[in-house]
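The structure appears right after this line, and notes come after that.
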Amino acid sequence: MDTYKINENGFYGEFGGAYIPEILHRCVTELQSNYLRIMESESFISEYRQLLRDYVGRPSPLYLTRRLSERYNCRLYLKREDLNHTGAHKINNTIGQILIARRMGKTRIIAETGAGQHGVATATVCALMNMECVVYMGKTDVERQHINVQKMEMLGARVVPVVSGNQTLKDATNEAIRDWCCNPSDTYYIIGSTVGPHPYPDMVARLQSVISEEIKLQLQQAEGREHPDYIIACIGGGSNAAGGIFHYIDDTRVRIVLAEAAGDGVDSGRSAATIQLGRRGVIHGSRTLVMQTPDGQIEEPYSISAGLDYPGIGPMHAHLATTRRATVLPVEDGEALAAAYELTRLEGIIPALESAHALGALHKIGFKSDDIVVLILSGRGDKDLHTLLQYKF
Numbered sequence: 024m025d026t027y028k029i030n031e032n033g034f035y036g037e038f039g040g041a042y043i044p045e046i047l048h049r050c051v052t053e054l055q056s057n058y059l060r061i062m063e064s065e066s067f068i069s070e071y072r073q074l075l076r077d078y079v080g081r082p083s084p085l086y087l088t089r090r091l092s093e094r095y096n097c098r099l100y101l102k103r104e105d106l107n108h109t110g111a112h113k114i115n116n117t118i119g120q121i122l123i124a125r126r127m128g129k130t131r132i133i134a135e136t137g138a139g140q141h142g143v144a145t146a147t148v149c150a151l152m153n154m155e156c157v158v159y160m161g162k163t164d165v166e167r168q169h170i171n172v173q174k175m176e177m178l179g180a181r182v183v184p185v186v187s188g189n190q191t192l193k194d195a196t197n198e199a200i201r202d203w204c205c206n207p208s209d210t211y212y213i214i215g216s217t218v219g220p221h222p223y224p225d226m227v228a229r230l231q232s233v234i235s236e237e238i239k240l241q242l243q244q245a246e247g248r249e250h251p252d253y254i255i256a257c258i259g260g261g262s263n264a265a266g267g268i269f270h271y272i273d274d275t276r277v278r279i280v281l282a283e284a285a286g287d288g289v290d291s292g293r294s295a296a297t298i299q300l301g302r303r304g305v306i307h308g309s310r311t312l313v314m315q316t317p318d319g320q321i322e323e324p325y326s327i328s329a330g331l332d333y334p335g336i337g338p339m340h341a342h343l344a345t346t347r348r349a350t351v352l353p354v355e356d357g358e359a360l361a362a363a364y365e366l367t368r369l370e371g372i373i374p375a376l377e378s379a380h381a382l383g384a385l386h387k388i389g390f391k392s393d394d395i396v397v398l399i400l401s402g403r404g405d406k407d408l409h410t411l412l413q414y415k416f
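With this note's numbering, the residue at position 96 of the sequence shown is 119, and numbering never jumps.
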């Protein structure tokens, strides 16, 4: 295989594409025909880079852990996306997409959110750019991520609790798509991860690729080489992972490890381990791996982490998993919670529950002492304190 990257038709191998209702055809094809032209223009690149530097606070540090490296017998670096403005990697994507929306003449922004970090990042850039913002969020997530709801409302967004399904990320995405169907002319849908119809998986991955771009430069300075031996990231939809591996995807010297949410256990019936449990299908406009019943109905996922509670996976990661380019490890709730406390106690960094799943994969890998490992710390744990404090380690 020449490349693991997307092809000209919007597919990663057999996964991807745009499987959409006729009513959305105009919206999606308009975006397909404009996104690369806009993103490759000098004016976009200049404005995007300036905002990443002066507003988001990039580059984010690449931190060599001391005690955690000792614990896992390797040189373990954390890519500190938790230190970005709004506390996660999500802002890299929303800054870029709102600049695209503005250049396409859109005046109203909609978004979906699970853990609330994408919602906060979208509300933030809408406040910055003076644009109307509506965020759809499952009622379950509204309750367990109440602080982020308050932040969104303070920023001027209207948060719409979704009461269908199990009232989480899948259902919020359904409602956002319905809104877009009804308001195609003035509305731009900022999708928060590498999911949805083409061009969203590619567009979000490109916007997040600043992560791996920085890792290459930072590793060169710290270690005298651009590539690590391992890159580890959590996956729900998969945007922090896509950004972290973007510039290494065809470099087979780099082993890619993806940690997905196993909930109470892969075979427990309460899990979001999509790659372990999923079958080929279509969800939210993309052909990928989907948790589904034998007759094709979407199964309800479960994870302690709101941001990983999704029954699908981005088509990039489905392709990497099925071609064995990436190793996918299921991490249960208890393993993620223990890993969150371990990082907090050993390094003084409280991670988001999403990032804790990546940390929870460390004990499943046998490192050599000279291995250089980069783990994407995708977000900080402020939003999850209520959950974390229910458990003592």
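Even glycine gets a Cβ: it sits at the ideal position worked out from N, Cα and C.
I need the DSSP call for S309, collapsed to helix, strand or coil.
Position 286 of the sequence shown, counted from the start, is the residue given in the question as residue 309. In this structure, S309 counts as strand in the three-state DSSP scheme.
Assigned secondary structure, P184 (DSSP; H/G/I helix, E/B strand, else coil)
Taking the sequence shown and counting its residues from 1, one reaches residue 184 at position 161. Reduced to three states, the DSSP call for P184 is strand.
Starting from E70, trace the alpha helix (DSSP H) in both directions and tell me its first and last residue.
Counted from its first residue, the sequence shown places residue 70 at position 47. Segment 65-74, the alpha helix (DSSP H) holding E70.
Can you tell me where the alpha helix (DSSP H) holding P224 begins and where it ends?
The residue given as residue 224 occupies position 201 in the sequence shown. Taken as a continuous stretch (DSSP letters only), the alpha helix (DSSP H) holding P224 covers 223-231.
Thinking C-beta only, is I234 closer than 8 Å to E63?
For the purposes of this step, residue 63 is taken as residue 40 along the sequence shown, with counting starting at 1. For the purposes of this step, residue 234 is taken as residue 211 along the sequence shown, with counting starting at 1. No.
Which stretch, first to last residue, makes up the beta strand (DSSP E) that contains K102?
In the sequence shown, residue 102 corresponds to position 79, counting from 1. Start and end: 98-103.
Do you know whose CA, among Y333, A362, L178, lies nearest L192's CA?
In the sequence shown, counting from the first residue as 1, residue 192 sits at position 169. Here the closest residue by C-alpha is Y333.
Just list the residues that DSSP pairs F34 with in beta bridges.
Working through the sequence shown from its first residue, we reach residue 34 at position 11. In DSSP, F34 forms a bridge with G39.
Can you give me the C-alpha to C-alpha distance between E166 and R403, rounded to a whole angstrom?
Taking the first residue of the sequence shown as position 1, residue 166 is located at position 143. Taking the first residue of the sequence shown as position 1, residue 403 is located at position 380. If you take the alpha carbons of E166 and R403, they lie about 19 Å apart.
Distance between Q140 and A111 (C-alpha atoms, nearest Å):
As a working mapping, residue 111 is identified with position 88 in the sequence shown. As a working mapping, residue 140 is identified with position 117 in the sequence shown. In a straight line, the C-alpha of A111 is about 7 Å away from that of Q140.
Do the segment 284-297 and the segment 324-341 make contact, defined as three or more Cβ pairs closer than 8 Å?
yes
Do you know how far the Cα of L385 is from the Cα of D252?
For this step, residue 252 is matched to residue 229 along the sequence shown. For this step, residue 385 is matched to residue 362 along the sequence shown. C-alpha separation (whole angstroms): 14 Å.
Tell me where the beta strand (DSSP E) around G211 begins and ends.
As a first step, residue 211 must be located in the sequence shown, where it is residue number 188. Here residue 211 turns out to be Tyr, not Gly, going by the sequence shown. Its beta strand (DSSP E) spans residues 210-213.
Residue from Q299, A264, R81 with nearest C-alpha to V397:
Counting from 1 along the sequence shown, the entry for residue 397 is found at position 374. Nearest C-alpha to V397: A264.
Specify the secondary structure class of L408 as computed by DSSP and reduced to three states.
As a position in the sequence shown, residue 408 is number 385, starting the count at 1. If DSSP states are grouped into helix, strand and coil, L408 belongs with the helices.
When Y42, E370, C156 are compared against D209, the one with the closest alpha-carbon:
One-based indexing of the sequence shown puts residue 209 at position 186. Looking at the Cα atoms, C156 is the closest of the given residues.
Flag this pair as touching only if the segment 300-320 and the segment 166-182 have three or more C-beta atom pairs under 8 Å; answer yes or no.
no
To the nearest angstrom, how far is it from the Cα of A146 to the Cα of G288?
Translated into the one-based positions of the sequence shown, residue 146 becomes position 123. Translated into the one-based positions of the sequence shown, residue 288 becomes position 265. Roughly 34 Å separates the two Cα atoms.
Can D225 and G33 be called in contact, C-beta distance under 8 Å?
Residue numbering aside, residue 225 sits at position 202 when the sequence shown is read from its first letter. Residue numbering aside, residue 33 sits at position 10 when the sequence shown is read from its first letter. Closer than 8 Å, so yes.
Test item: CB-CB of A341 and L87 under 8 Å:
By one-based count along the sequence shown, residue 341 stands at place 318. By one-based count along the sequence shown, residue 87 stands at place 64. It is not a contact, given that the beta carbons lie outside the stated cut-off.
Helix, strand or coil: which one does DSSP assign to G357?
By one-based count along the sequence shown, residue 357 stands at place 334. Of the three classes helix, strand and coil, the one that applies to G357 here is helix, per DSSP.
Quick one: using the 10 Å Cβ neighbour count with 16 as the cut-off for buried, is I219 buried or exposed?
Your numbering for residue 219 matches position 196 in the sequence shown. One point to set straight first is that residue 219 is Gly, not Ile, in the sequence displayed. G219 should be labelled buried.
Taking the straight line between their C-alpha atoms, what separation do you get for Y27 and T275?
Counting from 1 along the sequence shown, the entry for residue 27 is found at position 4. Counting from 1 along the sequence shown, the entry for residue 275 is found at position 252. Their backbone Cα atoms lie some 11 Å apart in a straight line.
Using a threshold of 8 Å, state whether the C-beta atoms of G267 and H307 are closer than that.
As a working note, residue 267 is residue 244 in the sequence shown. As a working note, residue 307 is residue 284 in the sequence shown. It is not a contact, given that the beta carbons lie outside the stated cut-off.
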